[in-house]
Amino acid sequence: IGSYWYHSHSGLQEQLGHYGPIVIDPAGPDPVAYDREHVIVLSDWTFMHPHALFVRLKQEGGFFNRNKRTLANKGRDNLSPEDTRMFAQMRMDPTDISDVTAAAYTYLINGHSPAENWTGPFRPGERVRLRIINAAAQTIFNLRIPGLKLLVVATDGIDVRPIEVDELQIGNAETYDLIVVPENRAYTFVAEGIDRSGMGVATLAPSAGMRAEVPALRKRPTLTMMDMGMMNHSGGDSADMSGMAGMDHSGHNMGGQA
355 IGSYWYHSHS GLQEQLGHYG PIVIDPAGPD PVAYDREHVI VLSDWTFMHP HALFVRLKQE
415 GGFFNRNKRT LANKGRDNLS PEDTRMFAQM RMDPTDISDV TAAAYTYLIN GHSPAENWTG
475 PFRPGERVRL RIINAAAQTI FNLRIPGLKL LVVATDGIDV RPIEVDELQI GNAETYDLIV
535 VPENRAYTFV AEGIDRSGMG VATLAPSAGM RAEVPALRKR PTLTMMDMGM MNHSGGDSAD
595 MSGMAGMDHS GHNMGGQA
């Protein structure tokens, strides 16, 4: 039982939209109580053919990174002169968080762009189960619904001890089942790319046509040598990734608690 998905393993067909959700209901009573459910499939779409996109990446790994540091950034982020020097030596960019960004992608929710605004209905006070599937080819998302707590009840189809969070991070191919209890107003469902180049946006609302405020993109993150797993620049120790500046990992305290 649980929330799963399928996708093509032929060539780059997944990027062309050859995927879909699979929900397996239990034969008996569901151990998770809820009044209604919505399946929410996250994806990244580009009108650029996947093979052409792949060629661009082979030619220049940072081709789609439009958030590179400039001279004006010096001293304004968390990068030390030593980190700057080491990134230059490795020919890497500390803002190269995602291989493909919103420069090429539109982030979709159930096949709808932010402008199209997919809407999931509810009645105020209901326990709404959100079955969230990251079917994106490249993108890791930070999920949040401003004004609502997220009760995580399952991950990758497996029921877990419920834990309440404000935000969570969902990697490629992962699934999360959440319970939310909305009031009589609209809420914005935000799926923000971890590189902060763009977001998918949808609405949960008691009536069609309602919309809540859409938050602005947050500050783009900058990697340090510690984030790259190079404690004290020795390269021998593992980094504490919770220290990743700008990535809002404070809301992702999922480890060991689910």
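Per my numbering, numbering of the sequence shown is gapless, rising by one per residue and ending at 612. Think of the CB as a built atom: it goes at the ideal place given N, C-alpha and C, for glycine as much as any other residue. None of the values given here were measured: they were computed from a predicted structure.
Where do the N-terminal and C-terminal ends of the alpha helix (DSSP H) with residue i fall, by residue?
i       : result
Val-409 : 404-413
To the nearest angstrom, how far is it from the Cα of residue i to the Cα of residue j?
i       : j       : result
Asn-419 : Val-454 : 7 Å
Leu-366 : Asn-538 : 43 Å
Ala-381 : Ile-512 : 15 Å
Gly-479 : Leu-411 : 47 Å
His-587 : Thr-578 : For His-587, the predicted structure reports a pLDDT of 44, less than 50, and the residue's modelled location is therefore unreliable. The matter cannot be settled from this model.
Gly-310 : Leu-504 : As displayed, the chain neither begins before 355 nor continues past 612, which places residue 310 out of reach and without an answer.
Ile-487 : Glu-368 : 14 Å
Val-534 : Thr-509 : 16 Å
Ala-469 : Pro-375 : 23 Å
Thr-493 : Pro-569 : 19 Å
Gly-583 : Ser-452 : 17 Å
Gly-371 : Ala-458 : 16 Å
Tyr-360 : Asp-450 : 29 Å
Tyr-358 : Val-514 : 15 Å
Asn-471 : Ala-556 : 5 Å
Tyr-461 : Thr-576 : 22 Å
Glu-391 : Asn-464 : 14 Å
Arg-572 : Ala-489 : 23 Å
Gln-523 : Asp-437 : 26 Å
Phe-401 : Met-580 : 36 Å
Tyr-373 : Met-440 : 40 Å
Starting from the Cα of residue i, find the closest Cα among the options and give me that residue.
i       : options                            : result
Gly-547 : Pro-516, Asp-581, Arg-498, Ala-566 : Arg-498
Leu-558 : Glu-518, Arg-477, Ile-451          : Arg-477
Glu-518 : Gly-525, Ile-512, Val-507, Ala-527 : Val-507
Glu-414 : Pro-385, Asp-447, Ala-387          : Asp-447
His-467 : Glu-368, Asn-496, Ala-545, Ser-452 : It is worth fixing the name first, because residue 467 is Ser in this sequence and not His. Per the Cα distances, Ala-545.
Pro-560 : Val-568, Met-579, Gly-552, Pro-536 : Pro-536
Arg-550 : Pro-475, Asn-421, Pro-385, Arg-410 : Asn-421
Pro-500 : Met-564, Glu-528, Asp-520          : Asp-520
Asp-531 : Pro-385, Ser-364, Gln-369, Met-582 : Pro-385
Gly-525 : Phe-495, Leu-504, Leu-505, Thr-542 : Phe-495
Glu-528 : Ser-362, Ser-397, Arg-574          : Ser-397
Gly-356 : Ser-364, Gly-371, Ile-378          : Ile-378
Arg-574 : Ala-456, Val-482, Leu-462          : Ala-456
Pro-475 : Gly-465, Phe-543, Thr-460          : Phe-543
Met-564 : Thr-473, Gly-465, Ala-387, Thr-400 : Thr-473
Trp-399 : Ala-491, Val-514, Leu-522, Tyr-358 : Ala-491
Tyr-541 : Ala-489, Arg-515, Val-482, Thr-576 : Val-482
Ala-566 : Leu-462, Gly-465, Leu-502, Asp-437 : Leu-502
Report buried or exposed for residue i, applying the criterion of at least 16 other Cβ atoms within 10 angstroms of its Cβ.
i       : result
Arg-485 : buried
Pro-435 : exposed
Gly-589 : Residue confidence is low: Gly-589 scores 39 on pLDDT, short of 50, so the model does not pin down where it sits. Its coordinate-derived value is still stated next. It is exposed - the Cβ of Gly-589 has fewer than 16 other Cβ atoms within 10 Å.
Ile-351 : Here the chain has residues from 355 to 612 only, and residue 351 is not among them.
His-403 : exposed
Gly-554 : buried
Pro-383 : exposed
Ala-406 : exposed
Val-409 : exposed
Asp-389 : exposed
Gly-552 : buried
Ala-562 : exposed
His-363 : exposed
Ala-387 : exposed
Asp-591 : Any answer about Asp-591 is weak, because its pLDDT of 36 lies below 50 and its placement is not dependable; what the coordinates show is given next. Exposed, by the Cβ-count rule.
Just curious, the beta strand (DSSP E) that residue i is in, first and last residue?
i       : result
Gln-367 : Element bounds for Gln-367: n/a, residue is neither H nor E.
Glu-546 : 541-547
Tyr-459 : That residue, Tyr-459, is in no beta strand (DSSP E); it is neither H nor E in DSSP.
Gln-523 : 521-524
Ala-508 : 504-509
Val-377 : 373-378
Gly-356 : 356-361
Ala-556 : 553-559
Val-386 : Looking at the DSSP string, Val-386 is not in any beta strand (DSSP E), and its letter there is neither H nor E.
Pro-569 : Element bounds for Pro-569: n/a, residue is neither H nor E.
Of all Cβ atoms in chain D, is any one closer than 8 Å to the Cβ of residue i?
i       : result
Arg-515 : Within the model displayed, chain D is absent; a lone protein chain is all it includes.
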